[in-house]
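Below is one structure, written out as structure tokens, with a few remarks after it.
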Amino acid sequence: MTMDWQQGGFGVYVHWPFCLAKCPYCDFNSHVRAEVDHEAWRGALVSEVARVAAETPGRRVDTVFFGGGTPSLMPPETVAAVISAIGTHWTLAPDAEISLEANPTSVEAGRFRGFRDAGVNRISMGIQSLDDRALKALGRMHSAAEARAAFDVARGLFERVSFDLIHARQGQDLDGWRAELGEALSMAVDHLSLYQLTIEPGTRFHDLLERGRLKGLPEPDLAADMYALTQELCSAAGYPGYEISNHARPGAESRHNLTYWRYGDYAGIGPGAHGRLTLAEGRTATETLREPTAWLNAVREQGHGESLREPVSGADQATEYMLMSLRLAEGSDLSRHAALAAEGIPERRIADLVEAGLLWHKGSRIGTTPQGRPLLNAILRDLLT
Ligand SMILES: C[S@@+](CC[C@H](N)C(=O)[O-])C[C@H]1O[C@@H](n2cnc3c(N)ncnc32)[C@H](O)[C@@H]1O
Ligand code: SF4
Numbered sequence: 001m002t003m004d005w006q007q008g009g010f011g012v013y014v015h016w017p018f019c020l021a022k023c024p025y026c027d028f029n030s031h032v033r034a035e036v037d038h039e040a041w042r043g044a045l046v047s048e049v050a051r052v053a054a055e056t057p058g059r060r061v062d063t064v065f066f067g068g069g070t071p072s073l074m075p076p077e078t079v080a081a082v083i084s085a086i087g088t089h090w091t092l093a094p095d096a097e098i099s100l101e102a103n104p105t106s107v108e109a110g111r112f113r114g115f116r117d118a119g120v121n122r123i124s125m126g127i128q129s130l131d132d133r134a135l136k137a138l139g140r141m142h143s144a145a146e147a148r149a150a151f152d153v154a155r156g157l158f159e160r161v162s163f164d165l166i167h168a169r170q171g172q173d174l175d176g177w178r179a180e181l182g183e184a185l186s187m188a189v190d191h192l193s194l195y196q197l198t199i200e201p202g203t204r205f206h207d208l209l210e211r212g213r214l215k216g217l218p219e220p221d222l223a224a225d226m227y228a229l230t231q232e233l234c235s236a237a238g239y240p241g242y243e244i245s246n247h248a249r250p251g252a253e254s255r256h257n258l259t260y261w262r263y264g265d266y267a268g269i270g271p272g273a274h275g276r277l278t279l280a281e282g283r284t285a286t287e288t289l290r291e292p293t294a295w296l297n298a299v300r301e302q303g304h305g306e307s308l309r310e311p312v313s314g315a316d317q318a319t320e321y322m323l324m325s326l327r328l329a330e331g332s333d334l335s336r337h338a339a340l341a342a343e344g345i346p347e348r349r350i351a352d353l354v355e356a357g358l359l360w361h362k363g364s365r366i367g368t369t370p371q372g373r374p375l376l377n378a379i380l381r382d383l384l385t
């Protein structure tokens, strides 16, 4: 019998929580530390791979993703040790996608060859902007020229290279974004992640906004126009949006992220990493301690870094499946949702959203239309509550 997770595949996420500086917009689990005991971290990450693999024996790993924080600050030997442990304790698919997030500074570009030799075959680079003033406002440690140079090094070593840009920034207008995105598309290899700036609670930007000191953020209408322009220019250049913020040449989608959006299983290794694992007792949510030293000590002293483990009910799985899969252009499978939930989504709710032009409905699949995409949260509320 096929289990639900098999429709999404199996991936391993590895979190490296350190950065050279904290960017003012970022609420990821990232920390600045003067010193990192690399040997201890290597040992702890490898031991967590062995622990989680022992619970999911016989699995084939389709994708590995080193995210952060700044994993391009990892010693390549640590990356190699983690990949090797994954291959030892599980089976690593021969064509596995192994991605690593990199910041575009020259220091990190110097390590790219080491990452490739360790087994990484895809780089995802946080360029954020191609404009020096914007990079400064975003608190980045690199210039646009340095980013282009690091990108060229990556492109010379890896067949698959993606990069991230942030739009709807302070002082940005539509023409500026058009020009910047045009340049980005001329550099692109096979994949682009284009995020709208969000002001997250707990960040320095949030604090400044509360005090009225974060000036020049675009009004919602302008931000919506930037999003629409992004879809138009990327599609025209052969990089259609396959997810709300992600664009790829057909076939070059991030397979690891597709595992989340298609609601497969994933192991979360490292501090603050989340997992969804189908175990003998059913689908299980896992989380690890977020604070790096607390996580490291827990792995060393109690043999695991886990802070949460709980069953995910069928109804919750159905909801999670919808929340994730409706982000994708390919949409969601209503029969998969119904098999997980005790009851399906009432036909009338779907029909109303189709009539409003926000959803399409073909056979057992539904998905958002271009008009519906920016309204995904409201659509999900209508469908699921
Ligand atoms: C986990 S971050 C790590 C990437 C890497 N450390 C870097 O900064 O280049 C992944 C991506 O999320 C995006 N991101 C982070 N915070 C964001 C925010 N508040 N709004 C929009 N995008 C954000 C950035 O584009 C970033 O490259
Ligand atoms: S955006 Fe990247 S470099 Fe900046 S704090 Fe977040 S994870 Fe670190």
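The numbering of the sequence shown is full-length UniProt numbering, which starts it at 1 and goes up by one.
Where is the CB? At the ideal position from N, CA and C, for every residue including glycine.
Original post:
Can you list the beta strand (DSSP E) stretches of 3 or more residues lying completely in the segment 275–340, in chain order?
Top reply: 282–288, 306–311
**OP:** Please name the residue in 125, 365, 207, 344 whose C-alpha comes closest to that of residue 73.
**Re:** 125
**OP:** Step through the CB atoms of chain D and report whether any lies within less than 9 angstroms of the CB of residue 273.
**Re:** Considering every chain present, this structure includes no chain D. It has just one protein chain.
Original post:
Closest by CA to residue 396, which one among 295, 270, 354?
Top reply: For the chain, the structure presents residues 1 to 385; residue 396 sits outside this window and is missing.
Original post:
Can you give, in chain order, each stretch of the beta strand (DSSP E) that sits fully within the segment 86–157 and has at least 3 residues?
Top reply: 91–102, 122–128
**OP:** Select from 291, 40, 171 the residue whose C-alpha is nearest the C-alpha of residue 216.
**Re:** 171
**OP:** For residue 38, count neighbouring C-beta atoms within 10 Å of its own C-beta (all shown protein chains included) and say buried if the count is 16 or more, exposed if not.
**Re:** exposed
Original post:
Per DSSP, residue 64 is paired with what?
Top reply: 12, 98
Original post:
Less than 8 angstroms between the CB of residue 20 and some heavy atom of ligand 2, yes or no?
Top reply: Residue 20 Cβ: within cutoff of ligand 2.
Original post:
What is the residue span of the beta strand (DSSP E) that residue 162 lies within?
Top reply: Its beta strand (DSSP E) spans residues 160–167.
Original post:
Is residue 30 helix, strand or coil by DSSP?
Top reply: Three-state result, residue 30: coil.
**OP:** Just confirm the distance between the C-beta atoms of residue 239 and residue 247, as a whole number of angstroms; I'd bet it's less than 8 angstroms.
**Re:** 4 angstroms
Original post:
Count the other CB atoms within 10 Å of the CB of residue 57; is the residue buried (16 or more) or exposed (fewer)?
Top reply: Exposed: under 16 other Cβ atoms inside 10 Å.
Original post:
Would you call the CB atoms of residue 307 and residue 284 closer than 9 angstroms?
Top reply: no
**OP:** Note down, in chain order, each residue of its chain lying with its Cβ closer than 8 angstroms to the Cβ of residue 447, except the 5 sequence neighbours on either side.
**Re:** As displayed, the chain neither begins before 1 nor continues past 385, which places residue 447 out of reach and without an answer.
Original post:
Could you give the residue range of the beta strand (DSSP E) that holds residue 350?
Top reply: DSSP places residue 350 in no beta strand (DSSP E) but in the uninterrupted alpha helix (DSSP H) bounded by 347–355.
Original post:
With respect to the alpha helix (DSSP H) encompassing residue 39, which residues constitute its N-terminal and C-terminal limits?
Top reply: 38–55
Subject >> Neighbourhood of residue 86 by C-beta, 7 angstroms cutoff - its chain only, sequence neighbours within 5 removed >> reply: 12, 49, 61, 64, 92
Original post:
Who does residue 365 pair with in a DSSP beta bridge?
Top reply: For residue 365, which the question treats as bridged, DSSP gives the partners 333, 362.
Original post:
Do you know offhand how far residue 347's Cα is from residue 301's?
Top reply: 53 angstroms
Original post:
Would the beta-carbon of residue 65 be found less than 8 angstroms away from any heavy atom of ligand 1?
Top reply: no
Original post:
What do you get for residue 357, buried or exposed, if any count of 16 or more other CB atoms within 10 angstroms of its CB means buried?
Top reply: exposed
Subject >> residue 221 - DSSP class collapsed to helix/strand/coil >> reply: helix
**OP:** Give me the Cα-Cα distance between residue 19 and residue 31, rounded to the nearest whole angstrom.
**Re:** Straight through space, the alpha carbons of residue 31 and residue 19 are spaced by roughly 6 angstroms.
Original post:
Does the Cβ of residue 195 lie closer than 8 angstroms to at least one heavy atom of ligand 1?
Top reply: yes
Subject >> Local Cβ density within 10 Å of residue 198, reported as buried at 16 or more and exposed below that >> reply: exposed
Subject >> the segment 136–151 / the segment 173–181 touching (three or more Cβ pairs under 8 angstroms) >> reply: No: the two stretches stay apart, fewer than three of their Cβ pairs being nearer than 8 angstroms.
**OP:** Leaving aside the five residues before and after residue 389 along the sequence, list all residues of the same chain whose C-beta is less than 7 angstroms from its C-beta, in chain order.
**Re:** As displayed, the chain neither begins before 1 nor continues past 385, which places residue 389 out of reach and without an answer.
Original post:
Taking only runs of the beta strand (DSSP E) that begin and end inside the segment 166–198, which ones reach a length of at least 3 residues, in chain order?
Top reply: 191–196
Original post:
What is the DSSP secondary structure of residue 343, counted as helix, strand or coil?
Top reply: coil
**OP:** Counting only the same chain and skipping the five closest in sequence on each side, list residues whose C-beta sits under 7 angstroms from that of residue 335.
**Re:** Closer than 7 angstroms at the Cβ level, and outside the excluded window around residue 335, lie 364.
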